[in-house]
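Asks: Mind having a look at this structure? Questions to follow.
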Amino acid sequence: MNIFRFYKDEFSKLLKDNNYECNYEKLSVDSPRQSSFGDLAFNAPLIFSSSLKKNPLDIGAEIADLIKNKFPEFESIEVAKPGFVNLRLKKTFWFNFLSSFQDDKGKLATEIKKINIEYVSANPTGPLHVGHCRGAVYGDVLANLLSFIGNNVTKEYYINDYGNQIHMFAKSVYARLLEIKENIKFPLDQGLYPGDYLKDIAHNLIQKNAIKDLSDYELIKDDIGTMAMREAMVMIKSDLLSLGIKHDLFVSEKELVGKDLVAKTIKILDEKDCIYEGILPKPKGNDNEEWEERNQLLFKSTKFGDDVDRALKKSDGTWTYFANDVAYHAYKLERKFDKYINVLGADHSGYLKRLKACMDALSDFKTDFECKVCQLVKLFKSGEPYKMSKRAGDFITAKELVEAVGVDAVRFMMIYRSNDSQLDFDFDLVTEKTKENPVFYVQYASARIHSILRKVELKKDDFDKKNLNLLDSEAEIDLIKKLSLWSKCLELSSNNLEPHRIPYYLYDLASSFHSYWNLGKENNDFRIIENENMALVHARVFLLEKVLMVIKSGLSILGVSAPDSM
RNA sequence: GCGCCCGUAGCUCAGCUGGAUAGAGCAUCGGUUUUCUAAACCGAGGGUCGCAUGUUCGAAUCAUGCCGGGCGCACCA
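According to the working numbering, the first sequence is numbered sequentially starting from 1.
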């Protein structure tokens, strides 16, 4: 239960019942910045003062009285400058709260939504590299989060297995085949993909005896392309698996084109008057000498907020990548989701407006569609920027990263920053496995609690929830209050698609726990289980079980393990 | 030139979507292990929230304009 939301609703109702005619939308109940102000801060006096033309402090006094009469659970209610009603809950409230505390799994979504989330969608011409990891983890955690709170989520991957790059890919594999079977040196000057993984693919094809006659490339290029693509996708799926990611659905661009879905979709747009033949202006400030004026089939994306209209057909009459993507998104709409999320890398941010435009056009603005962009990851090694060269094919793969630092660290660090900010990822820092790495701090809390639970033997029947009122130390109440912030964290994270709040919350919770734990070093009364008062031990174990439950839930959303021991 | 993102402590970043005296980690300095896991805890110092103007009772948060950094701006995919 989110107590802030609960009391906001309750207080609003109370004020409405007492005929306050004001702007209820701006009301908020939040935790005050300083704990000395209390547990809840209600801003009604500030919001109401202008429309009621009264001093906020006077309004505050009225509201404080109303609340006092209706809600006995408050220990103190104070009006504070510049216009807050600060409320402190009685300890009995917190004991009751703890006694019925749940981790909110499957409970927070106000209505169960069918959500589609597309992420990764990396080109199937090679393994995942470090650059893909962030969007991959972000999308995956978002999917976990949204389904954790009760939604029905489909995780989707769009395979760009069509077009020019695929020809180059097939050619590259062909060159590797020639290299292996006929000792012809791999040419480095033809813009082919140089990476070693192509050798693996070629070896696999040979092993499966898939290509028998290499003499005429034209005859076998389609077969090579198809089979090599299949091999590459096996590779990518295995890379994703090493990151703990499993998509529900892989949609092939090639199949969409094959089904003639593009032409059908463009026709729908044409009926909506969003298509025309025209000439695009030359991009400014971009000295592209090859640019020339040409008449093309265009989509009126400017009608939907884009900067320029977008080409749908190339001059040779074939569809552009974007046209295929429009068809893909029409295919998404066909499957009728309540919400669509696209996770893109920073290098595709220029693509965002036209995607939104095509969704708006196809659905007549009736779609809940959101694109989230993950900014770049900068790699460091011992504090120095770490350069990778894509041309030489010596980029670091996702798999190598996971092997080097472990999947837990990769996932935690990739989600530990807002997706809008660039991320510094230092190999050595994460490999060191010291306290500098926050994932271990949180996991350590899990291990410590497990250790307690292992050592203590309690009969559940002996436990009476009334004994929770023995948890009346500051540290214990503080822990209970931290637990109460969990559903708020979930709500903010999911409503704003900001999963980075979860590791921050977990860190905070772990920190409160570690503080609590260490009290036992100074004062024997605070030793959790080495205590003669068994009722108190029961109560403390109950509290720690709840803390562990949240840590486990939180880490499971992140896709990070919660170890029993370390 | 245009679009998107960022600018908060020495460094890396949070900041509850407009509230009260701006918070963490690292780094620096000082303390805590006979005792449930010291991979931990406690304490100290450190800030003109890039700059300016505006909106507001109130701005790190919103608007506009600068300055600085990143990414992008094809008939590629």
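Where is the CB? At the ideal position from N, CA and C, for every residue including glycine. Computed from a predicted model, the values in this text were never measured in an experiment.
In three-state DSSP terms, what is Cys274?
Replies: Coil.
Asks: Just to confirm, is the Cβ distance from Ile236 to Leu128 under 8 angstroms?
Replies: Yes.
Asks: Please report the Cβ distance between Lys466 and Ser512, rounded to the nearest whole angstrom; I am assuming they are in contact, meaning their Cβ atoms lie under 8 angstroms.
Replies: Between Ser512 and Lys466 the Cβ distance is about 24 angstroms, and since that is not below 8 angstroms, they are no contact.
Asks: So Thr92 is in the beta strand (DSSP E); what residue range does that whole segment cover?
Replies: Taken as a continuous stretch (DSSP letters only), Thr92 belongs to no beta strand (DSSP E), being part of the alpha helix (DSSP H) at 91 to 99.
Asks: Evaluate Gly131 with the Cβ neighbour count: other Cβ atoms within 10 Å of its Cβ, from every protein chain shown; 16 or more gives buried, anything less gives exposed.
Replies: Classification of Gly131: buried, given that the 10 Å Cβ count is 16 or more.
Asks: With the cut-off set at 8 angstroms, would you say Lys199 and Arg176 are in Cβ contact?
Replies: For Lys199 and Arg176, yes; Cβs fall inside 8 angstroms.
Asks: So the candidates are Glu231, Leu178, Leu376; which of them puts its Cα closest to the Cα of Ser215?
Replies: Selected option, being the one with the closest Cα: Leu178.
Asks: Here's the rule I'm using: 16 or more other beta-carbon atoms within 10 Å means buried, otherwise exposed. How should Ile279 be labelled?
Replies: Label assigned to Ile279: exposed.
Asks: For Val430, tell me which candidate among Asp420, Leu423, Gly406 has the shortest Cα-Cα distance.
Replies: Per the Cα distances, Gly406.
Asks: In terms of alpha-carbon separation, which member of Leu192, Asp306, Ala323, Gly305 lies closest to Lys313?
Replies: When each option's Cα is compared against that of Lys313, the closest is Ala323.
Asks: Check Glu522 in the structure and name its three-state DSSP category.
Replies: Helix at Glu522.
Asks: From Ser49 to Ser252, what does the alpha carbon distance come to, in whole angstroms?
Replies: Cα to Cα, Ser49 sits roughly 58 angstroms from Ser252.
Asks: State the beta-bridge partners of Gly345 as determined by DSSP.
Replies: According to DSSP, Gly345 bridges with Cys374.
Asks: Leaving out five residues on either side along the sequence, give the residues of the same chain with a beta carbon under 7 angstroms from the beta carbon of Phe526.
Replies: Answer for Phe526: Leu519, Gly520, listed in chain order.
Asks: In its own chain, which residues sit with a C-beta less than 8 angstroms from the C-beta of Arg391, not counting the 5 before and 5 after it?
Replies: In this prediction, Arg391 scores a pLDDT of 48, lower than 50, which makes its location untrustworthy; the coordinate-derived value is nonetheless stated afterwards. Around Arg391: Pro194.
Asks: For a test of the three-state rule: what should DSSP assign to Pro385, helix, strand or coil?
Replies: Three-state DSSP puts Pro385 in a strand.
Asks: Is there contact here, the segment 67 to 81 with the segment 110 to 121, by at least three beta-carbon pairs under 8 angstroms?
Replies: Counting Cβ pairs under 8 angstroms, fewer than three are found: no touch.
Asks: Beta-carbon within less than 7 angstroms of Met227's beta-carbon, same chain only, minus the 5 sequence neighbours each way: which residues are those?
Replies: Leu205, Ala210.
Asks: For the segment 218 to 261, which segments carrying the beta strand (DSSP E) assignment without a break, of at least 3 residues, lie completely within its bounds, in sequence order?
Replies: You should have 249 to 252.
Asks: Name the DSSP beta bridge partners of Ala80, please?
Replies: Partner(s): Phe84.
Asks: Report the residue ranges of all beta strand (DSSP E) runs contained in full by the segment 121 to 181; include only those spanning at least 3 residues, in chain order.
Replies: The qualifying runs are 152 to 159.
Asks: Of all the options Leu479, Glu277, Ile452, which has the alpha carbon lying nearest to the alpha carbon of Asn531?
Replies: It is Ile452 whose Cα lies nearest to the Cα of Asn531.
Asks: Please report the distance separating the alpha-carbon of Val560 from that of Ala202.
Replies: Straight-line Cα distance between these residues: approximately 35 angstroms.
Asks: Quick one: what's Trp319 bridged to in DSSP?
Replies: Trp319 pairs with Lys313.
Asks: Nearest-angstrom Cα distance between Gln34 and Lys54?
Replies: So the two alpha carbons sit approximately 27 angstroms from each other.
Asks: Taking its Cβ as the centre, do 16 or more other Cβ atoms sit within 10 Å of Leu548, making it buried, or is it exposed?
Replies: With 16 or more other Cβ atoms within 10 Å, it is buried.
Asks: If contact is defined by three or more beta carbon pairs under 8 angstroms, each pair taking one atom from either stretch, is the segment 348 to 364 in contact with the segment 140 to 160?
Replies: Contact between the segment 140 to 160 and the segment 348 to 364 is absent, because fewer than three Cβ pairs lie under 8 angstroms.
Asks: Quick one: is Ile184 buried, meaning 16 or more other Cβ sit within 10 Å of its Cβ, or exposed?
Replies: Exposed, because fewer than 16 other Cβ atoms sit within 10 Å of the Cβ of Ile184.
Asks: Take every Cβ of the segment 438 to 455, pair it with every Cβ of the segment 260 to 274, and state whether three or more of those distances are shorter than 8 angstroms.
Replies: Counting Cβ pairs under 8 angstroms, fewer than three are found: no touch.
Asks: Shortest alpha-carbon distance to Val402 belongs to which of Ser238, Asp39, Val29?
Replies: Ranking the options by Cα distance to Val402, first place goes to Ser238.
Asks: Can you have a look at Leu298 and say buried or exposed, based on whether 16 or more other CB atoms are within 10 angstroms of its CB?
Replies: Buried: at least 16 other Cβ atoms inside 10 Å.
Asks: Just to confirm, is the Cβ distance from Asp589 to Lys339 under 8 angstroms?
Replies: Lying before the first or after the last residue shown, residue 589 is absent from the chain, which here runs from 1 to 566.
Asks: What residues match up with Phe74 in a beta bridge as DSSP calls it?
Replies: According to DSSP, Phe74 bridges with Leu89.
Asks: Figure out for me which residue from Lys353, Ala136, Leu66, Gln375 has the closest Cα to the Cα of Tyr157.
Replies: Of the listed residues, the one whose Cα sits closest to Tyr157 is Ala136.
Asks: Identify whether Phe427 lies in helix, strand or coil by the three-state DSSP scheme.
Replies: Phe427 falls in the helix class under three-state DSSP.
Asks: So, is Gly244 buried or exposed, given that buried needs 16 or more other C-beta atoms within 10 angstroms?
Replies: Answer is buried; the Cβ neighbour count reaches 16.
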